[in-house]
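Under the numbering used here, the sequence shown has 301 at position 53, and the numbering climbs by one with no breaks.
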Amino acid sequence: MARRKYVIGNWKMNGLSATIADAQAIFAAAGDHPGVDVALCPPFTLIGAMVAAVPGAAVGGQDCHIASSGAFTGSVAAPMLADAGASLVIVGHSERREGCGESDADVRAKAEAGLAAGLSVILCVGEPRAVRESGGAIDHVLAQIAGSVPDEFAADRLAIAYEPIWAIGTGLVPTVGDVAAMHGAIRGALAARFGAAAEEMRLLYGGSVNGDNAAELLDAGDVDGALVGGASLTAGKFLPIVAAAAALG
Ligand code: 13P
């Protein structure tokens, strides 16, 4: 089956209430490309305001706790994201795996929590630079897939984002061939474990995607979209990526 292109902006720890105007501009212009699914993941503090400002827009969280409530100061539960109007959540981003010590088991539990709350889940994987240079990138990522992808999910509610850590925020990107090889390996591993459902799952590339390189990266084999950081903060930078996805259908 044809997989719809999916372009998601991860605002990370950027955005104050004034930046809701940027989200409005992004979603308004994304409407010109109805063949592409577009979502934004702002900081928790902006989810409610963004949903209110752009009704029906796909807005998500950047993380969630594994529990649905409890004494976890500073954390946000998946049902809270859903209650705030979010329809998706990113889990396992390398900035959390590395910065907050999240294991594959933690990421899997978070993915399960997001799915249980009715959210779509974007599950991130990716290798550090030393692993890429030693030739172990595919083994590293497939181990993350094995350890962090839940056993049960609807294929249209779980996407994988391959984000090589060394490409995030650096301006460096893998070759198109390396991206295609990694995505093909991920698809193969998912097919071995889940059968036909793997064909429905969307595999996104993330790491220094911008308006200049998006067309090439999005056209790589088994790439169904992009998870975009820095270039997702303004309509001017984000929309060329959406347009590139639209052009590829
Ligand atoms: P950049 O696009 O800023 O490299 O960030 C990618 C990323 O981490 C998205 O989740």
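Ideal Cβ placement from N, Cα and C applies to all residues, glycine included.
Problem set entry | Beta-carbon proximity check, residue 335 vs residue 372, cutoff 8 Å | If you check the CB distance, residue 335 and residue 372 do not come in under 8 Å.
Exercise. Taking the C-alpha atoms as reference points, what is the distance between residue 320 and residue 489?
Worked result: Straight through space, the alpha carbons of residue 489 and residue 320 are spaced by roughly 37 Å.
For this session: Report back the beta-carbon spacing between residue 317 and residue 325 to the nearest angstrom; my notes put them in contact at under 8 Å.
Result: Rounded, the Cβ-Cβ distance is 6 Å, consistent with contact.
For this session: Kindly indicate the opening and closing residues of the alpha helix (DSSP H) around residue 358.
Result: Here the alpha helix (DSSP H) through residue 358 covers 352-364.
Exercise. Is residue 365 closer than 8 Å to residue 403 when the C-beta atoms are compared?
Worked result: Not a contact, by the Cβ cut-off of 8 Å.
Problem set entry | Nearest-angstrom Cα separation, counted from residue 273 out to residue 285 | Looking at the two C-alpha atoms, the distance is approximately 16 Å.
Exercise. In this structure, does DSSP put residue 302 in helix, strand or coil?
Worked result: DSSP, read as helix, strand or coil, puts residue 302 in coil.
Problem set entry | As assigned by DSSP and simplified to three states, the class of residue 329 | In this structure, residue 329 counts as helix in the three-state DSSP scheme.
Exercise. Would the segment 381-397 and the segment 413-431 be scored as touching if the rule is three or more Cβ pairs under 8 Å?
Worked result: Two segments are said to touch when three or more pairs of C-beta atoms, one from each, lie closer than 8 Å; by this definition the segment 381-397 touches the segment 413-431.
Exercise. Are there 16 or more other CB atoms within 10 angstroms of the CB of residue 311, so buried, or fewer, so exposed?
Worked result: That one is buried.
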